[in-house]
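Here's the structure, in C-alpha cells; my notes come after.
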Amino acid sequence: MNDFLIFDGISKSFGNHKVLDNISLAVKKGEIFSFLGPSGCGKTTLLRICAGFEEPDSGRVILNGVDITKLSPNRRQVNTVFQNYALFPNLNVFENIAFGLRISGVKESLLKEEVSKFLELIQLTDHAAKMPDKLSGGQKQRVAIARALINKPNVLLLDEPLAALDLKLRQRMLVDLDNIHDEVGITFLYVTHDQSEAMSLSDNIAVINEGIVEQVGTPPQIYEAPRTSFVAAFIGDTNFFEGDVIEVDEPYSKLHIDGFTDVLVYNDKNIKNGDKVYISIRPEKFTLSIEKPELSEKYNFVKGKVEEIIYLGYHTKYWVRVNEFLVETKRLHDRYMLDEKMITWGDEIWLSWHADYCYMLEQYNYEDEALLTLPDEEIMAELESEAADEE
Amino acid sequence: MQNNTRRKNEILLTLPSMGWLVIFFVIPTILVIAMAFRNSDPYGGIGDQWTFDTIRDLRNPNYPSIIWRTLWLSVVSTIICIVTAIPASYYISRISKKFQDIILLLIIVPFWINFLIRIFAWKVFLHPEGLFKQVLVALHIASPDTLLLYNPEAVLVVIVYSYLPFALLPIYAAAEKFDFHLMEAAYDLGANRFQAFMRVYIPGIRMGLLTAIIVVFIPALGSYVIPDIVGGPSSEMIGNKIAQRTFIDRNLPHASALSALLTFAVLLPAAIALTRKFFKEKNSTSIGI
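What follows is the structure, encoded as C-alpha cells:
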C-alpha cells in the first residue's frame with residue numbers, strides 16, 4: 000500500500016445541509032493531489048477536516064497508517080497555507096516563518112539556520128525584517144508557504160492559495176509552487192476552483208461537486224475521459240449529445256442523434272442496441288471547413304450554419320447551428336492558410352471529427368448543461384468584466 | 000501642490016478640537032499646576048506670592064498611605080477589569096452578530112442610569128441590612144457582624160463594576176476586527192490553545208488593551224465619588240483628599256498641589272512609554288536579522 004493519506008467514508012453536515020457525502024479518497028506520498036470543484040462543493044471543508052479544524056460526522060482520516068480523525072490541529076503532521084495567507088501581522092517575515100519552530104522549542108541557532116534556509120527557498124532573504132503588511136501578495140504567499148513547510152509536515156494543505164493574486168502573478172506562482180514541490184518532495188493537497196491551476200499542477204485530481212467525488216484521475220484522464228456530465232462541463236468546454244445506440248461494435252459503435260446525424264463513437268462502455276447514451280465532444284476536436292473534407296470512414300461529418308463568432312486572439316470560438324443543436328467549436332487561428340476563406344457569420348460549413356473524440360458519459364445530469372458556455376452568456380460576461388474594470 | 004492643500008485641510012479640520020483642548024484642558028491644567036506654587040490666604044482664596052511652601056506641605060504624614068492605597072486600588076482594579084474583559088471580548092466576538100448586539104446593549108444599558116444612583120445602589124446592596132449581606136448570612140458564608148461596606152475592598156469592587164464596560168468596549172472593538180483565521184494558523188503551526196491565545200490573540204488586540212488600560216487606570220486613579228460613598232474614612236483616595244482640601248479646608252493651592260501630583264503620576268508613565276516607543280521605531284528600521 001503506498002496510499003499515504005486516506006479519506007475513508009467522510010461525511011459532514013452543517014445543520015441540515017450535507018456538505019460532504021461519504022467521500023473516500025487516497026493520496027499517494029509525494030504527489031500533488033487537487034480537490035477541484037465549484038465554490039460550495041465541500042472541497043474546503045474536506046481540507047479543513049484534514050487539517051483538524053472540523054471533525055467529520057462519520058468516516059476516518061488516515062495519515063501514514065495512523066488514524067488522525069480526532070487529533071487536534073496542533074498535533075497533526077500537516078500544515079496549511081491559508082487562502083488569505085493568515086500571516087501574523089505583529090511578527091515580521093522571519094518571525095512568521097519561525098513561529099512553528101519557536102512553538103516546538105527549537106534552539107535559537109538551529110532556528111536561525113532553518114529559517115534562513117527557507118527564506119532562501121522562497122527568495123525573500125532580503126525581506127526578513129519586513130512586516131507582512133509591507134509585502135506584495137506574491138511575497139505574502141511565499142512566506143505563508145515557507146511558514147508551513149518549515150515544520151516538515153507530512154502533507155502540505157493549500158487552500159485556494161492563488162485565488163487572491165492577479166492572473167500573471169498566478170501563473171508565476173504556479174511555476175514557483177511546482178519548483179518548491181520538486182525541492183521539498185512533500186505531499187501537496189491543493190484545493191482550487193480553477194481548473195487550469197489544478198490541471199497544470201496536479202498529479203491527480205478529485206473533481207468534487209455537491210459533496211460527492213465525481214471523478215478521480217490524472218489531468219488528461221479527467222479532461223479526455225470525463226466520467227460524468229458534470230466533469231465534462233466543469234473542466235473545459237464541451238458539447239453534449241443524447242443518442243440511441245443503433246450499432247454495437249468494437250472499437251466503434253454507431254449512435255443515432257435525433258436532428259443531428261448518425262455518429263460513430265469510440266466504445267469503451269458496456270452498451271447494447273437501443274440504449275440511450277450521452278456523449279461529450281470537446282469544441283477543439285471539431286475541424287471546420289467550407290467544403291466537405293475527404294476523410295476516412297472513422298470520421299463524422301455534419302453541415303451547419305455559423306451563428307456566433309467570438310474572436311479571442313490565439314483562438315476563435317464558433318457556435319454552429321445544426322437544427323436545434325448549437326455546437327461550440329474552436330479554431331486555433333482565424334484561418335489556417337492565407338488562401339483559405341475566412342469563416343464568417345451565416346456561413347454554411349462542415350464540421351468533421353474523429354470517432355475517438357466522442358466520449359460516452361457514465362452519468363448524465365440535465366442541470367449540468369447550465370455549465371456550458373453559450374455565446375450570449377459569454378458576451379454578457381465580457382460586458383460585465385469590462386464594466387467591472389471601468390469601476 | 001496638492002499635498003499642500005491636503006496639509007492645509009488637515010490643519011483646518013484639526014483646529015476646532017485643538018482649540019477646545021487647549022482652552023479647556025491644557026490651560027486649566029497649567030493653571031492648576033501654577034496654583035500649586037501659590038500660598039493660600041485664610042479666606043479660601045489664592046495668595047499673590049510664589050512659594051514652595053504648598054509643595055512642602057504635601058509631606059503630610061497621612062498622605063503616603065493614601066497615595067499607596069490610591070495606587071494599589073487603581074492598579075488592581077485595572078488588572079481585574081482587563082483580565083475579565085479579555086476572555087469576555089474573545090467570546091463575544093465569536094458569537095453570532097445578533098447576540099453580539101444584545102450583549103453590547105446589555106453592557107451599555109446601565110449607563111442610562113445616573114452614575115451616582117448606581118453607586119448608591121451598591122451602598123444599598125452591600126449595606127449591613129442589605130439583600131446581599133442577608134443572603135450571605137443566611138447561607139452562613141458571612142457572620143452577621145462582617146462589614147461589607149466602608150472598606151477598600153468595597154471601593155475596589157465598585158471601581159471594577161464602574162469601569163469594566165470601559166475596558167470591555169475597546170477590547171471588544173479590537174477583538175471584533177481580529178482575524179480569527181490567525182488562531183487557526185497558530186493551531187496549524189503546532190500551538191496549543193493557550194500558546195495561540197498568548198502569542199497571536201493578545202498581540203492582535205494590543206491596541207484595544209492599551210486603550211482599555213488608559214481609560215480604566217486614569218479615572219480609577221482620580222476616583223472620588225466611589226470611595227466617598229462606599230468607602231469610609233479608612234478607604235480614602237487622593238481624589239477625596241483633593242475634594243476635602245477644596246470644599247472643607249478651602250485651601251485651593253494645596254488641592255492644586257495634590258492634583259498636580261496626580262497629573263504627573265499619570266503623565267510620567269505615558270511620557271516614558273511614548274519616548275520608548277519613539278526610540279524603538281527609530282531603531283526598528285535598522286534592525287537586521
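Each protein sequence line maps, in turn, to chains A and B. To convert, note that position 274 of the first sequence is 273 in numbering that gives the first Met the number 0; the numbers rise steadily by one, no gaps. To convert, note that position 36 of the second sequence is 35 in numbering that gives the first Met the number 0; the numbers rise steadily by one, no gaps. Just so it is clear, CB atoms sit at the ideal spot from N, CA and C, and this is done for glycine as well.
- Between the stretch 118-136 of chain B and the stretch 198-211 of chain B, the count of Cβ pairs shorter than 8 Å is below three; the stretches do not touch.
- If you draw a straight line from the Cα of Gly51/A to the Cα of Ser57/A, it comes to about 14 Å.
- The C-beta separation of Leu57/B from Leu260/B comes to about 7 Å, placing the pair in contact by the 8 Å criterion.
- As DSSP reads the structure, Trp318/A sits in a beta bridge with Glu307/A, Glu327/A.
- Pairing Gly207/B with Ala173/B gives a Cβ-Cβ distance under 9 Å.
- By the C-beta criterion, the stretch 78-91 of chain A is judged to be in contact with the stretch 129-136 of chain A, since at least 3 inter-stretch pairs fall below 8 Å.
- DSSP lists Phe239/A, Tyr358/A as the bridge partner or partners of Ser279/A.
- Out of Pro109/B, Leu163/B, His139/B, the CA that lies nearest to the CA of Val75/B is found in Leu163/B.
- Put simply, the backbone Cα of Pro226/B is about 54 Å away from that of His126/A.
- Taking 8 Å as the cut-off between beta carbons, the residues of the stretch 169-184 of chain B near chain A are Asp178, His180, Leu181, Glu183, Ala184, in sequence order.
- Taking a C-beta distance under 9 Å as the contact criterion, Glu159/A and Val114/A do not qualify as a contact pair.
- Every unbroken stretch of the alpha helix (DSSP H) spanning 4 or more residues and falling wholly within the stretch 230-283 of chain B is given here in chain order: 237-242, 251-283.
- In the displayed model, Lys133/A falls within a helix according to three-state DSSP.
- In the three-state reduction of the DSSP assignment, Asn266/A falls in the coil class, being assigned neither a helical nor a strand state.
- Counting C-beta pairs closer than 8 Å gives three or more between the stretch 83-101 of chain B and the stretch 157-171 of chain B, which meets the contact rule.
- Here Ser103/A is exposed: its Cβ has fewer than 16 other Cβ atoms, across all protein chains shown, within 10 Å.
- Using a Cβ-Cβ cut-off of 8 Å, Leu188/B is close to Asn73, Asn78, Phe98, Gly99, Ile102, Arg146, Ala147, Asn150 of chain A, given in chain order.
- Across the structure, Thr274/B and Ile204/B are spaced so that their CA atoms are roughly 22 Å apart.
- Our two residues, Val321/A and Glu296/A, have alpha carbons roughly 21 Å apart in a direct line.
- Cβ neighbours of Val154/B within its own chain (closer than 8 Å, five residues either side excluded): Leu72, Ser222, Ile225, Pro226, Val229, Gly230, Ser234, Met236.
- In this structure, the alpha-carbon of Ser195/A lies about 57 Å from that of Pro15/B.
- In the DSSP assignment, Val18/A falls within the beta strand (DSSP E) that extends over 16-27.
- Sorting Gly238/B, Gly44/B, Asp40/B, Phe36/B by C-alpha distance to the C-alpha of Thr50/B places Phe36/B at the top.
- Look at Gly203/B here: in three-state DSSP terms it is helix.
- Three or more Cβ pairs closer than 8 Å define a contact, and the stretch 176-185 of chain B falls short of that threshold against the stretch 208-221 of chain B.
- In the DSSP assignment, Thr191/A falls within the unbroken beta strand (DSSP E) covering 186-191.
- The DSSP assignment places 31-35, 57-62 as complete runs of the beta strand (DSSP E) inside the stretch 24-79 of chain A, in order along the chain (cut-off: 3 residues).
- The Cβ atoms of Leu200/A and Asp177/A lie closer than 9 Å to each other.
- Those residues of the stretch 188-215 of chain B placed with their C-beta closer than 9 Å to a C-beta in chain A are Leu188, Gly189, Ala190, Asn191, Arg192, Gln194, Ala195, Arg198, Val199, Pro202, Gly203, Arg205, ordered along the chain.
- For Glu223/A, the enclosing alpha helix (DSSP H) covers residues 218-223.
- Taken atom to atom, the span from the alpha-carbon of Ile170/B to that of Ser88/B is near 6 Å.
- Straight-line measurement puts the Cα of Glu128/B at about 10 Å from the Cα of Pro143/B.
- Excluding the 5 residues flanking it on each side, Gly136/A has same chain C-beta neighbours closer than 7 Å at Ala163, Leu164, Leu168, in chain order.
- Using beta-carbon distances, Ala369/A does not count as an interface residue toward chain B, since no partner is under 9 Å.
- In the DSSP assignment, Tyr84/A forms a beta bridge with Phe81/A.
- For the set Leu287/A, Val183/A, Ile245/A, Leu62/A, the Cα lying nearest the Cα of Ile256/A is the one of Ile245/A.
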